[in-house]
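Take a look at the structure set out below.
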Amino acid sequence: MSIDIDHTSERLANDPRLSDYDFWRSLKNLENEIFQLSNRKEPVPIEMLRWRRILSRARHKRGMA
Numbered sequence: 274m275s276i277d278i279d280h281t282s283e284r285l286a287n288d289p290r291l292s293d294y295d296f297w298r299s300l301k302n303l304e305n306e307i308f309q310l311s312n313r314k315e316p317v318p319i320e321m322l323r324w325r326r327i328l329s330r331a332r333h334k335r336g337m338a
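Counting from 274, one number per residue, gives the positions in the sequence shown under this note's numbering.
Right under this line is the structure:
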């Protein structure tokens, strides 16, 4: 799975169609949804955690975080 995360984050980081704001907003929305699920004591889907990691790494590779 780590290879998939690295590959996907690399692709996203190098995609000129995505702005820095797109990354920030997507990550913020995802973190808010995870927070709401946690607050309601509902399970957080693994796929959401996976995408949070991908977006965080992509932002880092762009030098934003």
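The beta-carbon is built from N, C-alpha and C at its ideal position, and this holds for glycine as well.
- For residue 295, the enclosing alpha helix (DSSP H) starts and ends at 293–312.
- Taking the Cα positions, residue 301 is about 10 Å away from residue 328.
- Where residue 279 is concerned, the enclosing alpha helix (DSSP H) starts and stops at 275–286.
- Counted as a single uninterrupted DSSP element, the alpha helix (DSSP H) harbouring residue 321 occupies residues 319–334.
- If you ignore the 5 residues before and after residue 291, its C-beta comes within less than 7 Å of the C-beta of 285, all in its own chain and listed in chain order.
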